[in-house]
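Novice: Residue numbers (the working numbering): 39 to 443.
Here's a structure for you.
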Ligand SMILES: [Zn+2]
């Protein structure tokens, strides 16, 4: 029997590298764009149906040629291809001003809800406003913070949110999804897969437990402000593997995938007509970037691709609204990590000793600078040729960060 949603789709067209799907509520287009080394191949858009998301029926609504390079098998570029020259010449944008919580207008038809101080769990959300509806970019870590976001949107914008994009799977970007009722949720396939793998109950149990190691105390302190009870993981019901375009009337909103960076499934949301770039956690600004599964090397290259878009307004996943300088500032941090990390590793140091050795310079002032320990653990795996999908040991990483904090 055919899945019922087949009837909802009025038309499916395949036209070269571009695929357009027109549904009753959602119009999507997919096409292959750039970054050939990482995402060579094509896009498969999937729609998920059913009450139990993990077991829900999957229906391929469009398919072009098979992907040639699976992101999970992504092999980072050689370190030698990086230019270390910029490490010494940090941009002025490294020093980040304080900012306020709340909804701010970031262009004529975009808004951003900012959550200072941009540290653990304090993420930003974006909104792209059309004539009749709005597209939301990410929800927050818990229900109370997400309610505040949605209330601010209702007061200020007064457009229904019919589509929600999750930039990646981390809970601080999607654990409020259940409150965005009647919205179609869109995300990268890796975002959906990873979202279903990590239940909020895990963090709730850690918070409620009486384990008193340094690592757990650090974790409890970081997540103390959040309430993980009552969260039902509500994953994307439309996924893609490369790039995807959403439309607000004639306006194209591009969801762009560049391969593993902060996670395996990070997506940037680009609003070309107003040159606004919602980076999700492809940008941390004034808050230290971190990577569990992913690739520091590819992340550096991805920032170049984001800069090529020539954005006027750049919204980080964590930190205040910035411009291209903010992207360059974080890229210099990542270069520092890779260049200095490689040098220290060649001296025979392990990642944790190396983290204690490294002088972060101005980046020592960025929030949660102890994440250098985690980043070096990731880098050591990368330099040993391990795949982007191999996670850093979470317990060891939190213990190392707790020791440095
Ligand atoms: Zn985040």
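Glycine residues also receive a C-beta, built at the ideal position from the N, C-alpha and C atoms.
Along the chain, where does the beta strand (DSSP E) containing residue 192 start, and where does it finish?
Specialist: Where residue 192 is concerned, there is no enclosing beta strand (DSSP E), although the alpha helix (DSSP H) it sits in stretches over 181-194.
Novice: Tell whether a beta-carbon distance below 7 Å holds between residue 430 and residue 330.
Specialist: yes
Novice: When you compare the CB positions of residue 313 and residue 350, do they come within less than 7 Å of one another, or not?
Specialist: Yes, they are a contact pair.
Novice: Sort 217, 237, 211 and 219 by Cα distance to residue 225 and report the nearest one.
Specialist: 211
Novice: Mind checking which residues open and close the alpha helix (DSSP H) that includes residue 296?
Specialist: Looking at the DSSP string, residue 296 is not in any alpha helix (DSSP H), and its letter there is neither H nor E.
Novice: In three-state terms, what does DSSP make of residue 85?
Specialist: strand
Novice: Assuming residue 417 and residue 376 form a contact by the criterion Cβ under 8 Å, report the distance between their Cβ atoms to the nearest whole angstrom.
Specialist: That belief holds up - the Cβ atoms of residue 417 and residue 376 are roughly 6 Å apart, short of 8 Å.
Novice: Between which two residues does the alpha helix (DSSP H) holding residue 200 run?
Specialist: It is not in any alpha helix (DSSP H) - residue 200 instead sits in the beta strand (DSSP E) that spans 199-203.
Novice: When you compare the CB of residue 364 with every CB in chain B, is at least one pair closer than 7 Å?
Specialist: This model lacks chain B altogether; it includes just one protein chain.
Novice: With DSSP as the reference, please indicate the residues paired to residue 308 in a beta bridge.
Specialist: 292 and 315
Novice: Under a Cβ-count criterion, where at least 16 other Cβ atoms within 10 Å of its own Cβ denotes burial, should residue 311 be classed as buried or exposed?
Specialist: exposed
Novice: Ligand 1 and residue 215: does any heavy atom of the ligand fall closer than 6 Å to the residue's C-beta?
Specialist: no
Novice: Give me the Cβ distance between residue 245 and residue 277, rounded to the nearest whole Å; I'm assuming they're in contact under 8 Å.
Specialist: About 30 Å; that fails the 8 Å criterion.
Novice: Output the residue ranges of the beta strand (DSSP E) runs that lie fully inside the stretch 216-285 and measure 3 residues or longer, sorted by chain position.
Specialist: 222-226 and 276-278
Novice: Are the Cβ atoms of residue 390 and residue 362 separated by less than 7 Å?
Specialist: no
Novice: Report yes if the CB atom of residue 260 is closer than 7 Å to the CB atom of residue 158, and no otherwise.
Specialist: yes
Novice: The alpha helix (DSSP H) that contains residue 377, what's its start and end?
Specialist: 362-384
Novice: When you compare the stretch 314-322 with the stretch 260-276, are there three or more beta-carbon pairs, one atom per stretch, that lie closer than 8 Å?
Specialist: no
Novice: At which residues does the beta strand (DSSP E) containing residue 151 begin and terminate?
Specialist: 148-152
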